[in-house]
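Chemist:
Protein chains: 4
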Amino acid sequence: MSREFKTVALWGRLGDRSVMEPAQQVLAHLRKRGIAVLASVPSDAARGFDDAKHVDERDIAATADLVIAIGGDGTLLHAARNVAARDVPLVGINRGRLGFLTDVSPEHMLDSLDAILAGNFLAERRLMLAAGMEDTAGTALFALNDIVLQKGDTGRLLDFTTEVDDTYVNTHRGDGLIVATPTGSTAYALSCGGPIIQPNVDALVMVPICPHTLSDRPLVLPSSSKIRVILDNAGGSDAHVVCDGEPLARMAPADVLTISLAKQAVTLLHPRDYNYYELLRSKLNWGRAGRDRQKGLR
Amino acid sequence: MSREFKTVALWGRLGDRSVMEPAQQVLAHLRKRGIAVLASVPSDAARGFDDAKHVDERDIAATADLVIAIGGDGTLLHAARNVAARDVPLVGINRGRLGFLTDVSPEHMLDSLDAILAGNFLAERRLMLAAGMEDTAGTALFALNDIVLQKGDTGRLLDFTTEVDDTYVNTHRGDGLIVATPTGSTAYALSCGGPIIQPNVDALVMVPICPHTLSDRPLVLPSSSKIRVILDNAGGSDAHVVCDGEPLARMAPADVLTISLAKQAVTLLHPRDYNYYELLRSKLNWGRAGRDRQKGLR
Amino acid sequence: MSREFKTVALWGRLGDRSVMEPAQQVLAHLRKRGIAVLASVPSDAARGFDDAKHVDERDIAATADLVIAIGGDGTLLHAARNVAARDVPLVGINRGRLGFLTDVSPEHMLDSLDAILAGNFLAERRLMLAAGMEDTAGTALFALNDIVLQKGDTGRLLDFTTEVDDTYVNTHRGDGLIVATPTGSTAYALSCGGPIIQPNVDALVMVPICPHTLSDRPLVLPSSSKIRVILDNAGGSDAHVVCDGEPLARMAPADVLTISLAKQAVTLLHPRDYNYYELLRSKLNWGRAGRDRQKGLR
Amino acid sequence: MSREFKTVALWGRLGDRSVMEPAQQVLAHLRKRGIAVLASVPSDAARGFDDAKHVDERDIAATADLVIAIGGDGTLLHAARNVAARDVPLVGINRGRLGFLTDVSPEHMLDSLDAILAGNFLAERRLMLAAGMEDTAGTALFALNDIVLQKGDTGRLLDFTTEVDDTYVNTHRGDGLIVATPTGSTAYALSCGGPIIQPNVDALVMVPICPHTLSDRPLVLPSSSKIRVILDNAGGSDAHVVCDGEPLARMAPADVLTISLAKQAVTLLHPRDYNYYELLRSKLNWGRAGRDRQKGLR
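Chains as they are written, first to last, in this note's numbering: chain H, 141 to 438; chain S, 141 to 438; chain A, 141 to 438; chain D, 141 to 438.
This is the structure we're talking about:
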């Protein structure tokens, strides 16, 4: 991929102390290089970003050639849903701990950005999901990690049915269901017993949340699958649809949630030394501690 | 797929009572239709198969246009490894309970076979694995379900390292490792916490067996992945390599096991009403009993 | 235990069709034997229960010598919380499927009741939990199965800290926490990865729900343990406290939920042929189907 | 517990470099205090232990008032099985990483030992298991962690039946079964999906290894339970009985393994600041890293 980055947007909670400092460093660095910088800055932080053009978050995708998300994975997920339609590539700088998505560390961020601006990067396409309520004129919901059906406040279990490509799969009872991309497989889905799916695998995964039937296990599907989730509850239970951690819709009994691959994907740019497995080892404490790693001790 | 089946082989423990009867019915039926039938029959059962041409198991793939495996999934797995190189398609008739692979029931087998012989079937390509010891002139090992590295009699844990496409993945400690195809995802891998992988997903899964580190979780990889497993044990532990349930090799410390997709795949023929999800529901007791399925009772 | 049962209460949704019929049979049978029968009957079903004394649910424990719960496990759980303070024994008749707690089947219920009335039964003490908000004059919450801390509608994860007997245990992140009795170990806790705890074990179990940290595993504690759960969330997340499936309280950040054994226990009466392991086998589909149970097939 | 420790034994691989040095420091320290020291020293390390009385491992329990195990948990497990019959208390010094059982760190070991010798310690009784083959005059097998039934080299699954207190529990298929004490619950059993059991809980846990039936889950039992495991395999599969990691017996089809609490328990002495939950947090990486611990990032 060969691109020229003339206009770069900063994305994140620029008013937060932990984000403001690296964001200002990035801003100064980019301006020195003659690159236009866009930012959506809260009013009380505006003076710290005098050199940036202040634009509304929703307008960033239309103008920027590159978005730099600074914060945690949640920040990049939010950016991804906003820029996906325009296919603006994303770089993630973590503001503290390494993230699965914000893989550029603050210490090396200026060098990493220079390399990326020089075209020296790994570009990676990450699948996104689109969801919607069937027979409803509602807007589509997008997610880079996962679309989650979850029970409401009442604590009542959900009864729901799943179909894949118009074929009945199963009738489930439990706390809900996650449909995750490979990117999302290391997020909530992992906590619910799902597998880790390497980002190059062309698949989705359907993970039941705390299922009543113990054999109701995670199911990996082709990424082309059309998933339908029908809420069965007769008892008046309500359910929520949560996209990348944000509750965006409600479901009533008999409502049908459809989930499939979004037309748009997200392009993540990484430094050349990006290593997915190293990220896994770091985030999952692999190899390190464990209960005991000396020979013969178990 | 349009094929003509002139020579059909019967595969299975033809001397076992539960297999002999359906096998003889199939034999009579095929002969009536003028089809040549091959069979590898033990001497004490030979008289029951007078109408078949008795050939050695290893020669069946060279001559048959179609192999009918009668028995359990283990029988079909064994047949698959023998016929894969010649790409002879397989049909599986279960001799009692429904199998994941032997999905034709004895009650409908003659009708199902007639349909298949008439070209009225679903043909499905199933990925196979090839494994071998690096730097060894040993023959390659094949598997339709899984290649398993497992600890030996001593009960000592294995320490081993995994690499994918020449990139270091993790250092593991535990009872071993399963590398499974989508077909094998519902076999041993499922007992070890792996996900169910729909057969159309172009992927493999690496499932650690009883890992010491609790975050050492199943990892789904592109089917094109080249996997290397290096046995680290300094303490003299030995390990076994088991292919589709048959122990076929041993590993000593520092030995390297390589696993990747086999060039050959297996073609399974199913009746038109074949339904993968129905198989899952049946084999995993989905939807049925569970602990409790009445509304509001949990 | 030698008791005389002169006044027996019927408990359940007596207006529901599936409950009404067995309830009326039991009523007629008990009246024929000269036993006084109490029932809390909805007005539209009153005519079907002319022979019973209609009392308010809350007054039943004060007068009855025995409570017969008809329905599912949820019905008996509800009865248990109402009668525990008075130590009135309970019998559970399932209205359809076998329950863990409603173990008397409708077909044998009259014989079973006769035996129980004749003093021919197994009496079993089941531990109950008491929970409350620290520093609040609120009433105590009781549960026979479990006290659950769960996230609210927002879908935001909960951060919370646990202490046992005034000793810090862990800082958790996830969907919540279950504290269950042995009785509750086969309910929600089992869906969340908890162990089955035989009812005679003098223990509680603390099961994290979908924990972010994969090594945050179920912890079995002595039944005498005093558990404190402190909600840490700074972000304004709210949490719910659910007792035996009923949401009974809310928690705000910094609130402290205390959980310990209730002073009262529940006495369940079972027919002499009651067999806990048979219940497990039946409810968990043990031994039966499974994926495959024939020799050598896996 | 008030004891006087006049004769103390050193236990461990005293010839190993990592153990020899702390062992010699302890030896010198104890001799300075006028305490007799016993040690089982390999001949090539004898000169480093001139001040100790060299005795055979098996004779240590008869003479020592206290055993100091230096090494990993495996070293202390081995010591426990040797001294349990005489009820000699144990202290565990880890030779590198913290162990669940060897909880005294080398840096503080001399201070910790002084405190313990002065009677300033926490004494803790830990349950042990006794196992044996029914109808065999074989010696009983003991374990502080676990008794494990595991499949042999052939890789064939085991079919076996369990009974508790002469009541049939389940028919299992899989890689085997672990029966663990609370002490062993954080060892192999944890890798197989078992719960953590606090050491004061009066219970055992039965954990199936990679069970074929997904609902075949860990079962916590009263510590008084008499467990019988009957090997069903008709197919000639053999099984091994492994005690605290050492394979000590074989089972043939129809053999019956009995497991129950041993009459003897082990007494562990800990420094006053011993904290079980801190050990768990340290060994299981609780609270620390995890995938991500910053607010709002998941």
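Don't be surprised by glycine CBs; every beta carbon is placed ideally from N, CA and C.
Note that this is a predicted model, so its numbers are computed, not measured.
#1: Just the Cα atoms here: how many angstroms apart are Arg421 of chain D and Val309 of chain A?
#2: Express the C-alpha separation of Met268 of chain H and Ala280 of chain H in angstroms, rounding to a whole number.
#3: Taking the CB atoms as reference points, tell me whether Val341 of chain A and Ala320 of chain A lie closer together than 7 Å.
#4: For the alpha helix (DSSP H) that Glu386 of chain H lies in, which residues bound it at each end?
#5: Go ahead and label Met141 of chain H buried or exposed: buried means 16 or more other beta carbons lie within 10 angstroms of its beta carbon, across all protein chains shown.
#6: Would you call the region 195 to 207 of chain A and the region 228 to 248 of chain A touching, i.e. three or more CB-CB distances under 8 Å?
#7: Identify the residues that DSSP records as bridge partners of His380 of chain S: which are they?
#8: With 7 Å as the threshold, decide whether the Cβ of Asp315 of chain S is near any Cβ in chain H.
#9: DSSP on Asp301 of chain H, reduced to helix/strand/coil?
#10: Taking 6 Å as the limit between beta carbons, can you name the residues of its chain near Ser252 of chain H, skipping five residues before and five after?
#11: Chain D partners of Asp286 of chain S, CB-CB under 9 Å?
#12: In three-state terms, what does DSSP make of Tyr414 of chain H?
#13: Residues in the same chain with beta-carbon distance under 6 Å from Lys193 of chain H, minus the five sequence neighbours each way, listed in chain order, please.
#14: May I have the straight-line CA-CA distance separating Ser400 of chain D from Ala270 of chain D, to the nearest angstrom?
#15: For Ala185 of chain S and Ala277 of chain S, I'd like the C-alpha separation in whole angstroms.
#16: Under a CB-based cut-off of 7 Å, is Leu354 of chain D close to chain H?
#17: Let's test the definition: count the other Cβ atoms within 10 Å of the Cβ of Asp432 of chain S and tell me whether it reaches 16, buried, or not, exposed.
#18: Look at the alpha carbon of Ala429 of chain S and the alpha carbon of Ile349 of chain H, and state the distance between them as a whole number of angstroms.
#19: Name the chain S residues whose beta carbon is nearer than 7 Å to that of Arg421 of chain H?
#20: Just tell me which of S:Val223, S:Arg266, S:Asp156, S:Gln164 has its CA closest to the CA of Ala405 of chain S.
#21: Go through the region 157 to 209 of chain S residue by residue and report every complete run of the beta strand (DSSP E) that reaches 3 residues or more, in order.
#22: For the beta strand (DSSP E) that Thr398 of chain H lies in, which residues bound it at each end?
#23: Say whether chain H places a C-beta atom closer than 7 Å to the C-beta of Gly295 of chain A.
#24: Take the Cβ of Ser180 of chain A as the centre, count every other Cβ of all protein chains shown within 10 Å, and call the residue buried at 16 or more, exposed below.
#25: Note down the Cα distance separating Asp156 of chain D from Lys146 of chain D, rounded to an integer number of angstroms.
#26: Going by CA-CA distance only, name the one from A:Pro246, A:Ser325, A:Leu250 that's closest to Val159 of chain A.
#27: Please report the Cβ distance between Phe189 of chain A and Leu409 of chain A, rounded to the nearest whole angstrom; I am assuming they are in contact, meaning their Cβ atoms lie under 8 Å.
#28: On the CB-based measure, 16 or more other CB atoms within 10 Å of its CB, does Leu329 of chain A come out buried or exposed?
#29: Do you know whose CA, among D:Gly259, D:Thr294, D:His169, lies nearest His380 of chain D's CA?
#30: Would you mind working out which of S:Asp196, S:Gly239, S:Leu170, S:Val288 sits nearest Gly212 of chain S, comparing C-alpha positions?
#31: According to the Cβ coordinates, are Ala283 of chain S and Asp384 of chain S closer than 7 Å?
#32: Given that Ala343 of chain S touches chain H, what residues does it touch there, using C-beta distances under 9 Å?
#33: Just to check my reading of the structure: Asn222 of chain H and Arg187 of chain H have Cβ atoms closer than 8 Å, yes? What is that Cβ distance to the nearest angstrom?
#34: If you draw a straight line from the alpha carbon of Pro335 of chain S to that of His352 of chain D, how long is it in whole angstroms?
#35: List, in chain order, every chain D residue whose beta-carbon is nearer than 8 Å to that of Ser325 of chain S.
#36: Output the distance between the C-alpha atoms of Ala201 of chain A and Ala176 of chain A, rounded to the nearest integer angstrom.
Modeler: Let's see:
#1: Here the question's residue 421 of chain D lines up with position 281 in the fourth sequence. Here the question's residue 309 of chain A lines up with position 169 in the third sequence. Going from the Cα of Arg421 of chain D to the Cα of Val309 of chain A covers about 8 Å.
#2: Numbered from its first residue, the first sequence carries residue 280 of chain H at position 140. Numbered from its first residue, the first sequence carries residue 268 of chain H at position 128. Near 12 Å, if we compare the C-alpha coordinates of Met268 of chain H and Ala280 of chain H.
#3: In the third sequence, counting from the first residue as 1, residue 341 of chain A sits at position 201. In the third sequence, counting from the first residue as 1, residue 320 of chain A sits at position 180. For Val341 of chain A and Ala320 of chain A, no; Cβs fall outside 7 Å.
#4: Counted from its first residue, the first sequence places residue 386 of chain H at position 246. From DSSP, Glu386 of chain H is part of no alpha helix (DSSP H) but of the beta strand (DSSP E) over 386 to 391.
#5: Taking the first residue of the first sequence as position 1, residue 141 of chain H is located at position 1. Here the model assigns Met141 of chain H a pLDDT of 47, short of 50, so the residue's position is not dependable and the matter cannot be decided.
#6: yes
#7: What you label residue 380 of chain S is simply residue 240 of the second sequence in a count that begins at 1. Answer by DSSP bridge pairing, in chain order: S:Gln290, S:Arg390.
#8: Sequence index remark: in the second sequence, residue 315 of chain S carries index 175 (1-based). Not closer than 7 Å to any Cβ of chain H, the Cβ of Asp315 of chain S fails to qualify, so no.
#9: In the first sequence, residue 301 of chain H corresponds to position 161, counting from 1. Here residue 301 of chain H turns out to be Thr, not Asp, going by the sequence shown. The answer is strand: DSSP assigns Thr301 of chain H an E or B state.
#10: Taking the first residue of the first sequence as 1, we reach residue 252 of chain H at position 112. Around Ser252 of chain H: Val244, Pro411.
#11: Start at 1 with the first residue of the second sequence, and residue 286 of chain S comes out as number 146. Those do not exist, as Asp286 of chain S stays about 11 Å from chain D at its closest Cβ, beyond 9 Å.
#12: Locating residue 414 of chain H in the first sequence gives position 274, counting from the first residue. Coil, per DSSP.
#13: Against the first sequence, residue 193 of chain H aligns to sequence position 53. These residues qualify, in order along the chain: Leu178.
#14: Your numbering for residue 400 of chain D matches position 260 in the fourth sequence. Your numbering for residue 270 of chain D matches position 130 in the fourth sequence. C-alpha separation (whole angstroms): 6 Å.
#15: For the purposes of this step, residue 185 of chain S is taken as the residue at position 45 of the second sequence. For the purposes of this step, residue 277 of chain S is taken as the residue at position 137 of the second sequence. Rounded to whole angstroms, Ala185 of chain S to Ala277 of chain S spans 38 Å at the Cα level.
#16: The count along the fourth sequence starts at 1 and reaches residue 354 of chain D at position 214. Chain H, which has a Cβ nearer than 7 Å to the Cβ of Leu354 of chain D, makes this yes.
#17: Counting from 1 along the second sequence, the entry for residue 432 of chain S is found at position 292. For Asp432 of chain S, the predicted model reports a pLDDT of 40, less than 50, meaning its position is unreliable; a value from the coordinates is still stated below. With 16 or more other Cβ atoms within 10 Å, it is buried.
#18: In the second sequence, residue 429 of chain S corresponds to position 289, counting from 1. In the first sequence, residue 349 of chain H corresponds to position 209, counting from 1. With a pLDDT of 42 at Ala429 of chain S, under the threshold of 50, the modelled position of this residue cannot be trusted; read the value that follows with caution. Roughly 19 Å between the two C-alpha positions.
#19: As a first step, residue 421 of chain H must be located in the first sequence, where it is residue number 281. Within chain S, the residues near Arg421 of chain H are Asn310.
#20: In the second sequence, the residue the question calls residue 405 of chain S occupies position 265. Minimum Cα distance to Ala405 of chain S is reached at S:Arg266.
#21: 176 to 179
#22: By 1-based counting over the first sequence, the position of residue 398 of chain H is 258. Counting along the chain, the beta strand (DSSP E) containing Thr398 of chain H begins and ends at 396 to 401.
#23: Numbered from its first residue, the third sequence carries residue 295 of chain A at position 155. For Gly295 of chain A, the answer is yes, since a Cβ of chain H falls inside 7 Å of its Cβ.
#24: Position 40 of the third sequence holds residue 180 of chain A. So Ser180 of chain A ends up on the buried side.
#25: Within the fourth sequence, the letter at position 16 stands for residue 156 of chain D. Within the fourth sequence, the letter at position 6 stands for residue 146 of chain D. Near 26 Å, if we compare the C-alpha coordinates of Lys146 of chain D and Asp156 of chain D.
#26: On the third sequence, position 19 is the one that residue 159 of chain A refers to. The shortest C-alpha separation from Val159 of chain A is found at A:Pro246.
#27: Taking the first residue of the third sequence as position 1, residue 189 of chain A is located at position 49. Taking the first residue of the third sequence as position 1, residue 409 of chain A is located at position 269. Not confirmed; about 23 Å, so no contact.
#28: Your numbering for residue 329 of chain A matches position 189 in the third sequence. Correcting the residue identity first, residue 329 of chain A is Ala in this sequence and not Leu. Answer is buried; the Cβ neighbour count reaches 16.
#29: Here residue 380 of chain D refers to the residue found at position 240 of the fourth sequence. Minimum Cα distance to His380 of chain D is reached at D:Thr294.
#30: Here residue 212 of chain S is taken as the residue at index 72 of the second sequence, counted from 1. Of S:Asp196, S:Gly239, S:Leu170, S:Val288, the residue nearest in Cα terms is S:Gly239.
#31: Start at 1 with the first residue of the second sequence, and residue 283 of chain S comes out as number 143. Start at 1 with the first residue of the second sequence, and residue 384 of chain S comes out as number 244. Yes, they are a contact pair.
#32: Mapped onto the second sequence, residue 343 of chain S falls at position 203. Simply Ile337, Gln338, Val341, Asp342, Ala343, Val360.
#33: The residue you call residue 222 of chain H lines up with position 82 of the first sequence. The residue you call residue 187 of chain H lines up with position 47 of the first sequence. No, Asn222 of chain H and Arg187 of chain H are not in contact; Cβ-Cβ is about 25 Å, not under 8 Å.
#34: Counting from 1 along the second sequence, the entry for residue 335 of chain S is found at position 195. Counting from 1 along the fourth sequence, the entry for residue 352 of chain D is found at position 212. Between Pro335 of chain S and His352 of chain D, the C-alpha separation is close to 14 Å.
#35: For the purposes of this step, residue 325 of chain S is taken as the residue at position 185 of the second sequence. Ordered by position in chain D, no residue passes the 8 Å Cβ test against Ser325 of chain S, which lies about 13 Å from the chain.
#36: Mapped onto the third sequence, residue 201 of chain A falls at position 61. Mapped onto the third sequence, residue 176 of chain A falls at position 36. Computed Cα separation, rounded: 14 Å.
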